[in-house]
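Visitor: Position one of the sequence shown corresponds to residue 9 (the numbering used here), numbered consecutively onward.
Note that beta-carbon positions come from the ideal geometry of N, C-alpha and C, so glycine has one too.
Note that this is a predicted model, so its numbers are computed, not measured.
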Amino acid sequence: MKDYLIRGLVESRNCRVFACSTTHLLEEARVKHGLWPTASAALGRMMSATLMMAAMNKNNEKMTVTINGGGPIGTMMAVTNGDGNIKGFVGNPQVHYTYNSNGHLAVGVAVGNQGTLQVIKDMGLKEPFCGTVPLQTGEIGDDFSYYFMLSEQTPSVVSVGVLVNDTNEILASGGFIIQLLPEATEEDITYIESRIKDFPAVSSLINDGKTPEDILAMLFDDVEITDHQDLHYHCDCSREKMLSALATIGKAELQEMIDQDHGCEMSCQFCNQKYTFTEEELKSLLLNN
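1. Within its chain, find whatever has a CB closer than 6 Å to the CB of T72; leave out the 5 residues flanking it on each side and keep chain order.
2. Could you tell me the distance, in whole angstroms, from the CA atom of G96 to the CA atom of T74?
3. State buried or exposed for N76, treating a residue as buried only when at least 16 other CB atoms are found within 10 Å of its CB.
4. Near F207, what residues of its chain come up, given a Cβ to Cβ distance below 8 Å and the 5 sequence neighbours on each side ignored?
5. Below 6 Å CB to CB, which residues in the same chain sit around Y107 once its five sequence neighbours on both sides are set aside?
6. Inspect the beta-carbon positions of G16 and I214 and report whether they are closer than 8 Å.
7. Taking the beta carbon of R53 as the centre, do at least 16 other beta carbons fall within 10 Å, making it buried, or is it exposed?
8. If we count the other Cβ atoms within 10 Å of its Cβ and call it buried at 16 or more, is E248 buried or exposed?
9. Taking Cβ to Cβ, would you say N22 is nearer than 8 Å to A192?
10. Measuring CB to CB, does G182 end up less than 8 Å from S56?
11. Buried or exposed, going by whether 16 or more other CB atoms sit within 10 Å of the CB of Q263?
12. Leaving out five residues before and five after P101 in sequence, what residues of the same chain have Cβ atoms less than 8 Å from its Cβ?
13. Using 8 Å for Cβ pairs, my map puts T162 next to L143. What's the rounded Cβ distance?
14. Quick one: complete alpha helix (DSSP H) runs, 4+ long, within the segment 138-200?
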């Protein structure tokens, strides 16, 4: 099953819904970054939630989500333009913890909960929108739910999950979001709470072959699918962009690279692609700086 996202409406329960499968794009990220299992789970949950959040916007706008909870995984970041493409990284990819009680991947331990979740949306205005909330658990789903409630005043259920096999490959990744509309009643809330109580882990459902449509149908009998979007891991770095970044550093630092290293090598944090620049190129930058 290829990676894709759907969104829909459940008019009888006054809510909108989103669901996605992100198994292949997370596997690509795992290979690029050399992610260990718990790091894969953390980044996969974050990218699934970020893609669904981006699908809530009508216009394709750049969105950057950053999480730092003070845990050993360090800073996590995911970036999308709302076009189905996403890129991301974690500060420390070699993180692996499990909970002793059930053996599940301990994402909350790796991420930590002494920090923030920040969302920056560039909507083409003079200043981008920026919302920041304190992390609740570091388990990612709970933290996005809290963000929606506090920053956007939208009660939301966020369920995201990742399943990894014994050789660290990604078996399944994805999630769903249920958001109450302003017309929602107490009866709607009670119904939704009853549906998600004891609902199977979304990663297990995807691993069993359930599609995003299947998952939403398990939650609601009358969901209407309104949109579909293919998803991909895609980094838009280039030699030209790296050269432009080099041009922004100080003259003293450029001169040091010329004198000591006779050139430089830069690595993209989102895909680990390496770019080499010669001494002559640095001298040209220095002249034009």
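Guide: With the structure as the only source:
1. V87, I128
2. 10 Å
3. buried
4. S167, M226, L227
5. A114
6. no
7. buried
8. exposed
9. yes
10. yes
11. exposed
12. H41, G42, L43, W44, A47
13. Between L143 and T162 the Cβ distance is about 19 Å, and since that is not below 8 Å, they are no contact.
14. 149-159
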